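One point on numbering: in the UniProt record's numbering, the residue at position 4 of the sequence shown is 4, and numbering is uninterrupted. Cβ coordinates follow ideal geometry from the N, Cα and C atoms, glycine included. Bear in mind the structure is a predicted one, so any value in this text is a computation, not a measurement. Data block below; observations after.
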Amino acid sequence: MKASSGKRWHRFRFLARLLRRFPLPTRRLAGWAAVGAVATAGAGALGLHWVVFVAWCAALLVLSIIDLVRLPRALAWTVRRRLPESSEIRRTFQVGLDAVCRSKAQLLVELADDIPGSFHRPDGRTVGGPLRGSAGFSYRLTAEERGNYRFREVDLRWSGGFGLWSKQTQLTVEDDIRIDPDLSGVRGVLASAQDSLLVDGKRIYRRQRGGTEFDAIREYAAGDDIREVNWRATARTGRLLTNLYRPEKGKTLVLLLDCGRQMGVELDGQVKLDRSLEAALTLAAAALRQGDQVALIAYSSSVKLFIPPGRGLAHLQTLTRSASGISSDYAEAGTSVGLGFLLKRIRKRSFAVLFSDMDHYLHDTELLAYAAKVRKQHHLVLMSLQNPVMRQLEETRPDTLSEAYVQSIAASYALERQLLVRRMGSTGIPMLDTAPDQLAVSAVNTYLDIRDRGLL
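See the structure below:
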């Protein structure tokens, strides 16, 4: 659970507590004091400056005492925060603050919510306005990072009467919110038509090539297998009809998420782990929509999260809720940890997709050995994100010697990636090195292709 930004001010917390115990002068009091100073200076020409000064100060003192007496105490206040249970990263949502005072006097209030540091508030730090008894206020907030967060305090300042003095306090109002990954890809899959899937704005048509589970009967068309003709239905209707089969439901998809050091690097404006998690959840939605089961394994130097296979929309919510809190570690991820856990816990043959980083694949000495073990029991696919910066350097035409040197390094790096993809492919393990914005589409396409070919 990530705490609010109040932790950043620990050195000055004592000063804040001290200030909250005493009333504060307002701008109106400073303005009237300035007017009194001008009036005193003007009366100096008549020799009445002391009279004007004393009278003005006495008037301000009397009004200040009346103002302070009429201001309600801090114990008279309660504040309730209206916060959604969850939101998505980089999506703006509304937060409400309801202030209630036991005093029925007309007051002017100002509230400042102590928001976590990774949140962005586009419309200013404070909200407020007139209040008599109770009032509600709201502001907009955007989360820049995924995870579970806790809002702890609300700072409250109020003035009333003559508006010369104000009081302030800090109230403990604890609320939690979960920031999920970007689920636009998941929503596209769930809203798609039966014969297609919509992923990142691209429509993927299901290429059902057959299976063992009966689906429907339709009229025979050129190219259909003559062995699938339904002779009984043909005799009954007088038309040549053929059986259609579809892949069996109930297959198992296992998502493996590398949460090691490399996955915490920002790529194309987004952390690699976030991009991989969004693609994994989109793939999970596609599989659950086909009636399959989905499991999730997140690991680095040890297994951080395991969600057993399940099906249905409720399981998709479980995956989203549980995976929202995972983050990358400073340690290197161990392929033996993730794939070894897969071999121990998932006995049924499944389609396993590993989301990791190509730099990790290139330097992982255990990858080939463990991938070969997994291939005997599961259908394994390795996913990796391309680096747009390296690709741009590779394709840029050099004009100087230094630019040519940089391009040669980028080309050498790209060649290493291509050789690893070919080497893994030669062992029967597909490796997809895709652009960041194509990761979800590539994963769903691969899953549908393998499923429709009956390889599971």
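- According to the DSSP assignment, Val229 belongs to no beta strand (DSSP E), since it is labelled neither H nor E.
- Inter-residue distance for Arg27 and Phe162 is about 12 Å (C-alpha atoms, whole angstroms).
- Here the C-alpha atom of Ala404 lies approximately 22 Å from the C-alpha atom of Leu419.
- Apart from sequence neighbours up to five positions away, the residues of its chain that approach Leu83 with a beta-carbon distance below 7 Å are Val95, Phe151, Asp175, Ile177, ordered along the chain.
- Out of Arg391, Lys344, Ala372, the CA that lies nearest to the CA of Leu267 is found in Arg391.
- In the three-state scheme derived from DSSP, where H, G and I count as helix and E and B as strand, Ile409 is classed as helix.
- Judged by pairs of C-beta atoms under 8 Å, the region 296-303 does not touch the region 382-397, as fewer than three such pairs exist.
- About 13 Å separates the Cβ atoms of Leu97 and Arg121, ruling out a contact at the 8 Å cut-off.
- Here Trp165 has Pro23, Leu24, Pro25, Thr26, Leu29, Ser64, Asp67, Leu68, Leu71, Ser159 as same chain residues with Cβ atoms under 8 Å from its own Cβ, once five neighbours each way along the sequence are excluded.
- Counting along the chain, Arg121 sits inside no alpha helix (DSSP H), nor does DSSP assign it H or E at all.
- In the three-state scheme derived from DSSP, where H, G and I count as helix and E and B as strand, His378 is classed as coil.
- The beta carbon of Thr92 sits closer than 8 Å to those of Pro122, Arg140, Leu141, Thr142, all from its chain and outside the five residues before and after it, given in chain order.
- Following the DSSP letters along the chain, one finds Leu171 inside the beta strand (DSSP E) bounded by residues 165-180.
- With respect to the C-alpha of Ala372, the residue from Gly425, Pro130, His49, Gln262 having the closest C-alpha is Gly425.
- Residue environment for Thr172: exposed (fewer than 16 other C-beta atoms within 10 angstroms of its C-beta).
- Between the alpha carbons of Leu439 and Asp114 lies a gap of roughly 37 Å.
- Taking a 10 Å sphere around the C-beta of Asp449, we find fewer than 16 other C-beta atoms and assign the residue as exposed.
- 8 Å or more divides the Cβ of Glu85 from the Cβ of Asp182.
- Counting along the chain, Met431 sits inside the beta strand (DSSP E) bounded by residues 431-434.
- Here DSSP, grouped into helix, strand and coil, assigns Lys304 to strand.
- Cβ atoms of Pro309 and Thr252 come within 8 Å of each other, at about 5 Å.
- DSSP, reduced to helix, strand and coil, places Val186 within a helical segment of the structure shown.
- Contact holds between the region 334-341 and the region 353-368, because three or more Cβ pairs, one in each stretch, are under 8 Å apart.
- Listed in chain order, the beta strand (DSSP E) runs fully inside the region 334-396 are 351-355, 379-385, counting runs of at least 3 residues.
- Gly188 sits buried, since 16 or more C-beta atoms from the chains shown fall within 10 Å of its C-beta.
- From the listed residues Val51, Pro430, Pro388, Arg125, the smallest Cα separation to Ala410 is found for Pro388.
- Of all C-beta pairs linking the region 102-113 to the region 131-138, three or more are shorter than 8 Å, placing the two stretches in contact.
- Ranked by Cα distance from Val421, the options Ala414, Met431, Leu415 are led by Met431.
- For Lys348, same chain residues with a beta-carbon under 6 Å away, outside a window of 5 residues either side, are Thr252 in chain order.
- Secondary-structure assignment with DSSP links Pro25 through a beta bridge to Trp165.
- Judged by DSSP secondary structure, Ser87 falls within the beta strand (DSSP E) whose first and last residues are 86-88.
- Lys167 is classed as buried because its beta carbon has at least 16 other beta carbons within 10 Å across all chains shown.
- Of the residues Cys57, Thr396, Tyr413, the one whose Cα lies closest to the Cα of Met358 is Tyr413.
- CA-to-CA, the gap between Ile217 and Thr237 works out to about 12 Å.
- Counting only the Cα atoms, Leu256 lies some 14 Å from Ser328.
- For Ser134, the beta-bridge partners assigned by DSSP are Val100, Arg132.
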